[in-house]
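Trainee: Mind having a look at this structure? Questions to follow.
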Amino acid sequence: MHNSMKMKPKLIILMVIVVAAISFSFIQTWQYYYSEIPRIWTNEALKDWELPNANPTFTVEPVSEEFYFALPERVIYKTYPVYHPDYEPEGYWEWLHEQDAQIVFDASQLKTEADWIKAGELLFDYPIDTLGAVISTKHVRNREFYTASRMPITPEGIMPFVQWVVAGKGKVYLGNLSCAMCHTRVMPDGSTIKGAQGNWSGDKAFAYALEADDAPERAVKGITSFLFSSPWAVGDPHGKLLASGREEIIGAYKAVPEGAFGRQGTSILYPPQAPNLIGVKDRKYLDHGGLSQHRNIEDMMRYIAMNQALDFLNFYGDYNPIGLTKERLYNGKPVIFPGTYDRHSEAQLLAIAKYVYSLTSESQQTIST
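Quick note on my numbering: the sequence shown kicks off at 4 and runs consecutively.
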């Protein structure tokens, strides 16, 4: 009894040491993953990140640091697959409307590098738009859409480029504009490769939507101007396309081949290849035009933030793609345009960047095996 009592203080000291060690390890982990998250959207960092325009008058001017951090951070809800109507499980649509919203991203739960990469994959797949920026619910629930757009699907009938976003019971929205939308490839055997040159037939899908919705000529010209006009280019061919009329413009969307995509700021007449992200960690410039420098993971985070629609708020001299003035942009009222009224948090951007960096030929071989 006496020896047992004498050992108790030693046991207590040992327990204190163990607890302290565990606590110290946790604090180190927390500090590593949270205090080191870069603040990527600063006026200073953006000064020389993108290469200057050949005509200095039109060199890009992104939104200010103050504007960017005033945007609300995105809430990431659980998403669900979109099926071709002939493959959708019986009762699936009704079941989706009975689901409660589930928030699935919480940075405080990410303890290891593997945790961050897994969260990054979830965010890579997560659509930032539920306003119908490209296609909407009525389109994907119509089998004619898949025929007209030549949309690839998996053997299970899933279209992996979009997701259903459930924001609450009865609140089921089609989600567009994820990273995965342009950077997922459905292979001939129906398997999918994330990060590969995408084969989302988005321009044909958009052409279908314009025709199915009977979009008037003014609307067709307006959105095409938002996406592709470049007034600094001598003899801008998009000006000629816009002057040609509704049918010719829709025809340009239909003509885009598989593997290419008329992303904003490029060209619907000369659409670029959807880039392969596998091995992108080692590339020094991003975009086919090499517009954005890639010196570190902060640049990748910056690129993700910009490319997911914030470039619609850029100014090129006095020109803005969606017709804003600087007075309107900075008057404190939200700009309700897909992807411009909220933003990814810095932690979310870091997770996506870590996931994209993990896409290597070796990792894809492992997935294949």
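In this text, a Cβ means the ideal position worked out from N, Cα and C, and glycines have one as well. A quick note: this is a predicted structure, and the numbers were derived from the prediction, not measured.
Taking a contact to mean a Cβ-Cβ separation below 8 Å, would you say Asn145 touches Val165 in this structure?
Mentor: Not in contact: Asn145 and Val165 (Cβ atoms no closer than 8 Å).
Trainee: Verify whether the separation of the beta carbon atoms of Val359 and Met303 is less than 8 Å.
Mentor: Yes. Within cutoff.
Trainee: How many whole angstroms separate the CB atoms of Phe127 and Ala183, which I take to be in contact at a CB cut-off of 8 Å?
Mentor: That pair is a contact at about 6 Å.
Trainee: Less than 8 Å between C-beta atoms, sequence neighbours within five positions excluded: which residues of the same chain meet that for Gln267?
Mentor: Closer than 8 Å at the Cβ level, and outside the excluded window around Gln267, lie Phe229, Leu230, Phe231, Ala312, Asp314, Phe315 and Pro324.
Trainee: Do the CB positions of Ala277 and Phe264 come within less than 8 Å of each other?
Mentor: Contact: yes.
Trainee: Please list, in chain order, all residues of the same chain as Glu124 whose beta carbon is under 7 Å from its beta carbon, the five residues on each side excluded.
Mentor: Counting only Cβ-Cβ distances below 7 Å, and skipping sequence neighbours, we find Tyr358.
Trainee: The beta strand (DSSP E) that contains His162, what's its start and end?
Mentor: Residue identity check: residue 162 is Met in the sequence provided, not His. Here the beta strand (DSSP E) through Met162 covers Ile161 to Gly171.
Trainee: Just verifying my parser: in three-state terms, what is the DSSP assignment at Leu230?
Mentor: Correct three-state label for Leu230: helix.
Trainee: Give the list of continuous alpha helix (DSSP H) stretches no shorter than 4 residues that lie fully inside the stretch 295-320.
Mentor: Segments of the alpha helix (DSSP H) lying fully in the stretch 295-320: 300-310.
Trainee: Looking only at its own chain, which residues have a Cβ that is under 6 Å from the Cβ of Asp239, when we skip the five neighbours before and after it?
Mentor: Excluding positions up to five away in sequence, the list reads Ser233.
Trainee: Smallest Cα separation from Ser364: which of Asn279, Ala246 and Ala356?
Mentor: The shortest Cα separation from Ser364 among Asn279, Ala246 and Ala356 belongs to Asn279.
Trainee: Alpha carbons only, please: which of Gly135, Thr195, Thr133 and Lys174 is nearest the one belonging to Ile161?
Mentor: That would be Thr195, whose Cα lies nearest to the Cα of Ile161.
Trainee: Helix, strand or coil for Lys336? Go by DSSP, reduced to three states.
Mentor: Coil at Lys336, not helix or strand.
Trainee: Going straight from the alpha carbon of Glu68 to that of Pro59, what length do you get?
Mentor: Using only the alpha carbons, I get a separation of about 22 Å.
Trainee: Which partner residues of Glu53 appear in the DSSP bridge assignment?
Mentor: DSSP, once it has assigned bridges, lists Ser295 as partnering Glu53.
Trainee: By alpha-carbon positions, which one of Glu116, Thr62 and Thr45 ends up nearest to Phe72?
Mentor: When only C-alpha atoms are compared, the closest one is Thr45.
Trainee: Quick one: what does DSSP say Gly265 is sitting in, helix, strand or coil?
Mentor: Gly265 falls in the coil class under three-state DSSP.
Trainee: Roughly how many angstroms separate the alpha carbons of Asp206 and Lys81, rounded to a whole number?
Mentor: About 27 Å.
Trainee: Using the C-alpha atoms, what's the distance from Leu362 back to Val283?
Mentor: Cα to Cα, Val283 sits roughly 8 Å from Leu362.
Trainee: Go ahead and pull the three-state DSSP assignment for Gln351.
Mentor: Looking at Gln351 - three-state DSSP - the assignment turns out to be helix.
Trainee: Let me confirm a value: Glu53 is counted as buried when at least 16 other C-beta atoms fall within 10 Å, else exposed. Which label applies?
Mentor: Answer is buried; the Cβ neighbour count reaches 16.
Trainee: Is the stretch 130-146 in contact with the stretch 84-91, if contact means three or more CB pairs nearer than 8 Å?
Mentor: As far as the Cβ criterion goes, the stretch 130-146 touches the stretch 84-91, which means the pair count is three or higher.
Trainee: What residue does the beta strand (DSSP E) around Glu83 start on, and which one ends it?
Mentor: It should be pointed out that residue 83 corresponds to Tyr in this sequence rather than to Glu. Unbroken beta strand (DSSP E) run through Tyr83: Thr82 to Tyr86.
Trainee: What is the C-beta distance between Gln351 and Gly262, in whole angstroms, given that I count them as a contact (C-beta under 8 Å)?
Mentor: Not really, about 28 Å apart at Cβ, beyond 8 Å.
Trainee: How would you write the range of the alpha helix (DSSP H) that Arg42 sits in, first residue to last?
Mentor: Taken as a continuous stretch (DSSP letters only), Arg42 belongs to no alpha helix (DSSP H), as it is neither H nor E.
Trainee: Can you give me the C-alpha to C-alpha distance between Ala122 and Tyr176, rounded to a whole angstrom?
Mentor: Cα to Cα, the separation comes out at about 22 Å.
Trainee: Could you please give the first and the last residue of the uninterrupted alpha helix (DSSP H) stretch that includes Arg188?
Mentor: Note, Arg188: premise wrong, no alpha helix (DSSP H); beta strand (DSSP E) at Thr187 to Val189.
Trainee: Pull up the DSSP beta-bridge partners for Asn179, would you.
Mentor: Per DSSP, Asp132.
Trainee: Which complete beta strand (DSSP E) runs does the stretch 192-218 hold, if anything under 3 residues is left out?
Mentor: Entirely contained in the stretch 192-218, the beta strand (DSSP E) runs reaching 3 residues are, in chain order, 195-197.
Trainee: For Glu250, report the span of its alpha helix (DSSP H) as first-last.
Mentor: From DSSP, the alpha helix (DSSP H) with Glu250 extends over Arg249 to Lys257.
Trainee: Quick check: the Cα distance between Gly198 and Leu353, rounded to an integer number of angstroms?
Mentor: Roughly 17 Å separates the two Cα atoms.
Trainee: Let me confirm a value: His100 is counted as buried when at least 16 other C-beta atoms fall within 10 Å, else exposed. Which label applies?
Mentor: By the neighbour-count rule (16 or more Cβ atoms within 10 Å), His100 is not buried but exposed.
Trainee: Below 8 Å on the Cβ atoms is my guess for Trp235 versus Tyr129; work out the distance and round it to an integer in Å.
Mentor: Actually they are not in contact, since the Cβ atoms of Trp235 and Tyr129 sit about 34 Å apart, beyond 8 Å.
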